[in-house]
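Numbering (this note's numbering), first residue to last: 29 to 95.
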């Protein structure tokens, strides 16, 4: 029985869906901000808080937006 999620390389090349490199290029061209938070808690006492904000974009796009 064949796996429905596996396709041949030839079929992938003919596919109309964008490749991963196209998606990454689009995200970098437009820019993307990733934000996250992490708490380390023991016995309802917050011991550690970590906040993260990351900007993913090209240097050209960042300079155009005044960043």
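By construction, the Cβ of each residue, glycine as well, lies at the ideal position given by its N, Cα and C atoms.
task: Leaving out five residues on either side along the sequence, give the residues of the same chain with a beta carbon under 6 Å from the beta carbon of residue 75.
output: Same-chain partners within the cutoff: 68.
- prompt: Which same chain residues, not among the five before or five after residue 82, have their C-beta less than 6 Å away from its C-beta?
  reply: Non-local C-beta neighbours of residue 82 in its own chain, meaning closer than 6 Å and more than five positions away in sequence, comprise 62, ordered along the chain.
message: Here's a check: name, in chain order, each residue in its chain whose Cβ is nearer than 6 Å to the Cβ of residue 66, leaving out the five neighbours to either side.
response: Excluding sequence neighbours, residue 66 sits near 78.
- prompt: If you check the beta carbons only, do residue 85 and residue 51 fall under 9 Å apart?
  reply: No, they are not a contact pair.
- prompt: Rounded to a whole number of angstroms, what is the C-alpha to C-alpha distance between residue 36 and residue 46?
  reply: Between residue 36 and residue 46, the C-alpha separation is close to 16 Å.
- prompt: Taking the C-alpha atoms as reference points, what is the distance between residue 90 and residue 71?
  reply: One C-alpha to the other measures close to 43 Å.
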